[in-house]
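Chemist: Counted from 1, the sequence shown has number 387 at position 154 by the working numbering; the numbering is strictly sequential. No residue lacks a Cβ here, since even glycine has one placed at the ideal position from N, Cα and C.
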Amino acid sequence: MTTSHAPFRDRHHAGRVLAEQLESHRNKAGLLVLALPRGGVAVGFEVARALRAPMDIFVVRKLGLPGNEEYAIGAIASGGVCVMNSLANEVMGPEALSKVIARERAELERRELLYRRKRPAVPVRGRHVIVVDDGLATGSTMRAAVQAIRKQHPAYLTVAAPVGAQDTTESLRDVADEVVCVVALSPFRAVSLWYQDFPQASDDEVCSLLEEAHRQRELDPPPAVL
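And the structure:
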């Protein structure tokens with residue numbers, strides 16, 4: 234989708250703008266950027282590069298309502314975390330809900346294998362973690378990610394996105410230590426409206442950016458974890 238009046242040219246530009254809001258974290262020992270695939274990876278790549286931090290992925294899958302997949306009824310994340318909104322049981326029966334969860338869990342596992350390419354996840358324990366996505370609409374995906382990451386005992390957890398709904402960003406303060414959102418609005422329509430160029434991110438793009446982030450980490454190692 235292309236929107237000429239949107240403030241962000243694309244996800245890379247949005248990531249650079251977001252990084253400016255996170256400048257106080259630059260060069261911190263133990264800093265780690267976790268990007269949510271697919272859309273959050275380009276944003277997270279620019280944040281990690283600007284802050285001199287390693288980047289890794291954290292795979293989360295939105296649970297969409299059958300026939301209206303953009304309507305999120307919940308989300309699942311690595312580590313077995315499942316977050317459901319209050320309407321999930323009202324709009325779907327148990328059998329239909331189980332099918333959606335099974336389908337999305339299979340896709341989550343596929344992405345983990347494809348994106349990591351046998352590289353282990355970067356350890357989270359004791360680190361300052363910045364979790365990045367390209368936008369915060371309902372927040373169910375980010376909430377699932379935060380709850381799963383908490384199980385790995387980070388020292389501090391920041392949620393960061395270029396744009397989001399005001400009520401969503403406020404609600405995420407209940408589960409994160411810090412929420413940074415460049416543009417938080419109410420009412421909020423769609424993440425895509427805030428990008429001039431907002432194509433669906435591909436698996437190839439995610440893999441390419443992860444390879445580049447890995448190369449940069451080897452050439453310019455970030456400050457060590459204390």
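Which value, in whole angstroms, describes the spacing of the CA atoms of Thr236 and Tyr428?
Modeler: With a pLDDT of 48 at Thr236, under the threshold of 50, the modelled position of that residue is not reliable, and the figure given next carries that caveat. Roughly 6 angstroms separates the two Cα atoms.
Chemist: What residue range does the beta strand (DSSP E) around Gly273 cover?
Modeler: Where Gly273 is concerned, there is no enclosing beta strand (DSSP E), although the alpha helix (DSSP H) it sits in stretches over Gly273 to Leu284.
Chemist: Please look up how many angstroms separate the CB atoms of Leu264 and Ala286, rounded, as I've assumed it's under 8 angstroms.
Modeler: 4 angstroms
Chemist: Would a C-beta distance cut-off of 9 angstroms place Ala354 and Met375 closer than the cut-off?
Modeler: no
Chemist: Please determine, among Gly368, Val415, Ile290 and Leu347, the residue with the shortest C-alpha to C-alpha distance to Ser425.
Modeler: Just measuring C-alpha positions, the residue of Gly368, Val415, Ile290 and Leu347 sitting nearest Ser425 is Gly368.
Chemist: Can you tell me whether DSSP reads Met234 as helix, strand or coil?
Modeler: Annotation note: pLDDT 42 at Met234 (below 50); position unreliable, coordinate value reported separately. Coil, per DSSP.
Chemist: Which residues does DSSP pair with Gly397 in a beta bridge?
Modeler: Leu369 and Ala417
Chemist: Which of helix, strand or coil does DSSP assign to Asn322?
Modeler: helix
Chemist: How about Arg271 and Glu337: do their beta carbons lie closer than 9 angstroms?
Modeler: Taking 9 angstroms as the Cβ cut-off, Arg271 and Glu337 do not qualify as a contacting pair.
Chemist: Is it true that the region 348-365 meets the region 251-266, where meeting means three or more beta-carbon pairs spaced less than 8 angstroms apart?
Modeler: yes
Chemist: Please state the DSSP three-state secondary structure of Asp289.
Modeler: strand
Chemist: If I measure Cβ to Cβ from Ile309 and keep anything under 8 angstroms in the same chain, skipping five residues before and after, which residues do I get?
Modeler: Val293, Arg294, Leu296, Cys315, Val316, Ile334, Glu337, Arg338, Leu341 and Ala377
Chemist: From the DSSP output, in three-state form, read off Arg406 for me.
Modeler: coil
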